[in-house]
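**Student:** Taken in order, the sequence shown gives residues 1 to 355; the numbers are from this note's numbering.
Where a beta carbon is used, it is the ideal one built from N, C-alpha and C, also for glycine.
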Amino acid sequence: MFKIDATDKKLTAELQQLIDNKTKPLGALGQLESLALKIGLIQQSLKPVLHKPAMLVFAADHGIANAGVSPYPQAVTQQMVLNFLQGGAAINVFCRQHGLSLSVIDAGVNAELPDHPQLIKQSMGMGTENYLNNHAMTLEQAQEAIRRGAAQVRQLAEQGCNVVGFGEMGIANTSSAALIMHRITGISLTECVGRGTGLDDKGLLNKLSLLQQAANYHAQNHNPLQILATFGGFEIAMICGAFLQAAELKMTILVDGFIVSSALLIAHALYPEVLEYCVFSHQSNESGHRKMLDYLKVKPLLQMDLRLGEGSGAALAYPLLQSALAFMHEMASFQAAGVSQSDADSGCHNTNEPS
Ligand SMILES: O=C(O)c1ccc[n+]([C@@H]2O[C@H](COP(=O)([O-])O)[C@@H](O)[C@H]2O)c1
Ligand SMILES: Cc1cc2nc[nH]c2cc1C
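1) What residues match up with Lys121 in a beta bridge as DSSP calls it?
2) Of the choices Lys24, Thr12 and Thr23, whose alpha-carbon is the least far from that of Lys38?
3) Given the structure, does Val76 come close to ligand 2, in the sense that its CB is under 8 Å from one of the ligand's heavy atoms?
4) On the three-pair Cβ rule with 8 Å, is the stretch 154 to 163 touching the stretch 172 to 191?
5) Could you pull out every residue in the same chain whose Cβ sits closer than 6 Å to the Cβ of Ala314, ignoring the five residues on either side in sequence?
6) Among all the DSSP beta bridges, which residues are the ones paired with Phe166?
7) Is Lys250 helix, strand or coil by DSSP?
8) According to the Cβ coordinates, are Leu189 and Gln212 closer than 9 Å?
9) Quick one, are the C-beta atoms of Thr230 and Arg307 less than 9 Å apart?
10) List the endpoints of the continuous beta strand (DSSP E) containing Phe327.
11) Work out the CA separation of Glu14 and Gly347 for me, nearest whole Å.
12) Give a single yes or no on whether Leu85 has its beta carbon closer than 8 Å to a heavy atom of ligand 2.
13) Closer than 7 Å between the C-beta and any heavy atom of ligand 2: which residues qualify, listed along the chain?
14) DSSP three-state label for Ser188, please.
15) Less than 8 Å between the CB atoms is what I'm expecting for Gly99 and Gly125, so what's the real figure, rounded?
16) So, using beta-carbon positions, are Leu210 and Ala67 closer together than 9 Å?
17) Closer than 8 Å: is that where the CB of Glu191 sits relative to any heavy atom of ligand 1?
18) CA-CA distance, Ala317 and Leu301?
19) Closer than 8 Å: is that where the CB of Glu248 sits relative to any heavy atom of ligand 1?
20) Rank Ala214, Leu264 and Pro272 by C-alpha distance to the C-alpha of Ile146 and give the top, closest one.
21) If contacts are defined as beta-carbon pairs under 8 Å, then Leu321 and Leu50 qualify, I think. What distance do you get, rounded to the angstrom?
22) Just how far apart, CA to CA, sit Gln220 and Met137?
23) Do Gln78 and Asn110 have their beta-carbon atoms positioned less than 9 Å apart in this structure?
24) Residues in the same chain with beta-carbon distance under 6 Å from Ser101, minus the five sequence neighbours each way, listed in chain order, please.
25) How about Asn133: is its C-beta nearer than 9 Å to some C-beta of chain B?
26) Helix, strand or coil, according to DSSP, for Ser70 in the structure here?
27) Can you find the residues in the same chain that come closer than 7 Å, C-beta to C-beta, to Ala324, ignoring five residues on each side of it along the sequence?
28) Any chance you could list the alpha helix (DSSP H) runs of at least 4 consecutive residues sitting entirely within the stretch 269 to 305, in chain order?
29) Report the option in Ser70, Asn133, Ile187 and Ala59 whose CA atom is closest to the CA atom of Glu397.
30) What residues in its chain sit with their C-beta under 6 Å from that of Phe234, if we drop five residues either side in the sequence?
31) Suppose you measure from the CA of Gln16 to the CA of His116; what does that come to, to the nearest Å?
32) Looking at C-alpha atoms only, which residue of Lys250, Ser175, Cys278 and Thr252 is the closest neighbour of Gly232?
33) Can you determine whether any heavy atom of ligand 1 sits closer than 8 Å to the C-beta of Leu316, and answer yes or no?
34) Measure the beta-carbon distance from Glu168 to Ile239 and round it to whole angstroms, keeping in mind my assumption that it falls under 8 Å.
35) Using the C-alpha atoms, what's the distance from His218 back to Asn133?
36) Quick one: what does DSSP say Val76 is sitting in, helix, strand or coil?
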């Protein structure tokens, strides 16, 4: 369905030399340096640029929402979508602050939503089925949601966008994400399930027990698309398609928190090369996220105890991408600034090997 290439590594040495020649001890800009290299490889350029940064927030409801897995009622999903459209949510603030465009996609919210220029209506239904006694969606619905998510990214790319962040809104979607993580990674369910929007100890135990029932009920499902259809949400399935399309189009992708990363687990199981296009904005405070990132062998940029979702971490991390490219373009080289570079110049031994 998708054609995702690994990035061509032929520019690696030249990009690394450009980075190493800047007036700084070798490796001293840390993760900003690997970020610059990564974007250079994605764009196959020694002068990569970020065009029309965009945030897509996918929203949907979940059949399990009112079974006691979240401290908030399902209605908060639609209420927060209205908040996004009125410009009052955290993601609105950070997108405005950092110059990202923001669109909200109704992937399957359990409400009739008003027409609005920032709302894209692609609803797959009034929420998923409850996976305690059903599949959340059919395989056909999962595939259709993947196609719809991909179409959103194609539209952005046609408008000239080459960097995109994904966010989500959906009461109970940490439950979907935990089950997907458990099934894809084989990590115990206890380590995948967390407090979400803020369950107390008793609520967490109850959530774990309900999700264990769901995992037992669907003991047979192990193929990535089946896992997505069984436990997913419509927003998670659309984000999976959005990841795959963005990677196929060689866009830089900003990955948000626990739920967006669970969509990536599915995308990665289908097309491992998708990872080469991903920048991990932060490590969420949702307890399973660190192990999810470890499973993917990736390092997040920020660690700030965020656990909001909406794409907020991805939007917060965007300026770091700008800084990574700015230092590559604007910092003086040792030669240009007349600064001594190495032991050959100074007679000192250089111990700062880049990691
Ligand atoms: O992104 C995260 O890491 C994250 C962690 C915890 C909660 N959330 C948000 O909270 C909602 C899901 O939480 P819950 O408790 O209803 O499953 C959903 O709207 C997510 O955007 C998001
Ligand atoms: C208020 C609220 C805002 C959110 N934003 C993303 N998920 C959310 C969940 C809640 C409950």
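**Tutor:** In short:
1) As a first step, residue 121 is located in the sequence shown; it is residue number 121 there, counting from the start. Answer is Asp106, bridged to Lys121.
2) Mapped onto the sequence shown, residue 38 falls at position 38. Among Lys24, Thr12 and Thr23, the Cα nearest to that of Lys38 belongs to Thr12.
3) Here residue 76 refers to the residue found at position 76 when the sequence shown is read from its first residue. It does: the Cβ of Val76 is within 8 Å (strictly closer) of some heavy atom of ligand 2.
4) Contact annotation: the stretch 154 to 163 does not touch the stretch 172 to 191, with fewer than three C-beta pairs closer than 8 Å.
5) Within the sequence shown, numbered from 1, the residue matching residue 314 stands at position 314. Cβ within range, chain order: Gly165, Leu254, Asp256 and Ser281.
6) What you label residue 166 is simply residue 166 of the sequence shown in a count that begins at 1. Partner(s): Leu56.
7) Stepping through the sequence shown from its first residue, residue 250 is reached at position 250. In this structure, Lys250 counts as coil in the three-state DSSP scheme.
8) Locating residue 189 in the sequence shown gives position 189, where the first residue counts as 1. Locating residue 212 in the sequence shown gives position 212, where the first residue counts as 1. It is a contact, given that the beta carbons lie within the stated cut-off.
9) Taking the first residue of the sequence shown as position 1, residue 230 is located at position 230. Taking the first residue of the sequence shown as position 1, residue 307 is located at position 307. Not a contact, by the Cβ cut-off of 9 Å.
10) The residue you call residue 327 lines up with position 327 of the sequence shown. Element bounds for Phe327: not the beta strand (DSSP E) but the alpha helix (DSSP H), Ser312 to Glu330.
11) By 1-based counting over the sequence shown, the position of residue 347 is 347. By 1-based counting over the sequence shown, the position of residue 14 is 14. Because the pLDDT at Gly347 is just 46, under 50, the model does not fix this residue reliably, and the point stays unresolved.
12) Mapped onto the sequence shown, residue 85 falls at position 85. Relative to ligand 2, even the nearest heavy atom lies 8 Å or more away from the CB of Leu85.
13) Tyr72, Val76, Met80, Ala89, Met169, Ile171, Thr197, Leu308, Gly309 and Glu310
14) As a first step, residue 188 must be located in the sequence shown, where it is residue number 188. Here Ser188 sits in coil by DSSP.
15) If you number the sequence shown from 1, residue 99 lands on position 99. If you number the sequence shown from 1, residue 125 lands on position 125. Contact flag wrong, Cβ pair sits at about 34 Å.
16) Reading the sequence shown from its first residue, position 210 is the one you call residue 210. Reading the sequence shown from its first residue, position 67 is the one you call residue 67. Contact flag set, yes.
17) Mapped onto the sequence shown, residue 191 falls at position 191. No, Cβ of Glu191 sits at least 8 Å from all heavy atoms of ligand 1.
18) Your numbering for residue 317 matches position 317 in the sequence shown. Your numbering for residue 301 matches position 301 in the sequence shown. Going by the C-alpha atoms only, they are around 7 Å apart.
19) Position 248 of the sequence shown holds residue 248. Answer for Glu248: no, Cβ out of range of ligand 1.
20) Residue numbering aside, residue 146 sits at position 146 when the sequence shown is read from its first letter. Looking at the Cα atoms, Leu264 is the closest of the given residues.
21) Locating residue 321 in the sequence shown gives position 321, where the first residue counts as 1. Locating residue 50 in the sequence shown gives position 50, where the first residue counts as 1. Between Leu50 and Leu321 the Cβ distance is about 6 Å, and since that is below 8 Å, they are a contact.
22) Within the sequence shown, the letter at position 220 stands for residue 220. Within the sequence shown, the letter at position 137 stands for residue 137. Approximately 16 Å between the Cα atoms of the pair.
23) Position 110 of the sequence shown, counting from 1, holds the residue named residue 110. Position 78 of the sequence shown, counting from 1, holds the residue named residue 78. Cβ distance < 9 Å, so Asn110 and Gln78 count as in contact.
24) Locating residue 101 in the sequence shown gives position 101, counting from the first residue. Cβ within range, chain order: Ala54.
25) The chain labelled as chain B is not found in the depicted structure, where only one protein chain is given.
26) As a working mapping, residue 70 is identified with position 70 in the sequence shown. Residue state, collapsed to three classes: coil.
27) As a working note, residue 324 is residue 324 in the sequence shown. Within the same chain, Ala324 has close Cβ partners Leu32, Leu35, Ala36 and Ile39.
28) Counting whole runs of 4 or more residues, the stretch 269 to 305 contains the alpha helix (DSSP H) stretches 289 to 296.
29) There is no way to answer for residue 397, as the model of the chain reaches only from 1 to 355.
30) Reading the sequence shown from its first residue, position 234 is the one you call residue 234. Taken in chain order, the residues that qualify are Ala60, Ala107, Gly108, Met124 and Ala145.
31) Position 16 of the sequence shown, counted from the start, is the residue given in the question as residue 16. Position 116 of the sequence shown, counted from the start, is the residue given in the question as residue 116. When rounded, the distance between both Cα atoms is 45 Å.
32) If you number the sequence shown from 1, residue 232 lands on position 232. Measuring from the Cα of Gly232, the nearest candidate turns out to be Ser175.
33) Sequence index remark: in the sequence shown, residue 316 carries index 316 (1-based). No, since every heavy atom of ligand 1 falls outside the 8 Å radius drawn around the Cβ of Leu316.
34) Along the sequence shown, one-based indexing puts residue 168 at 168. Along the sequence shown, one-based indexing puts residue 239 at 239. 6 Å between Cβ atoms; contact.
35) Within the sequence shown, residue 133 is the residue found at index 133, counting from 1. Within the sequence shown, residue 218 is the residue found at index 218, counting from 1. Going by the C-alpha atoms only, they are around 9 Å apart.
36) Here residue 76 refers to the residue found at position 76 when the sequence shown is read from its first residue. Helix at Val76.
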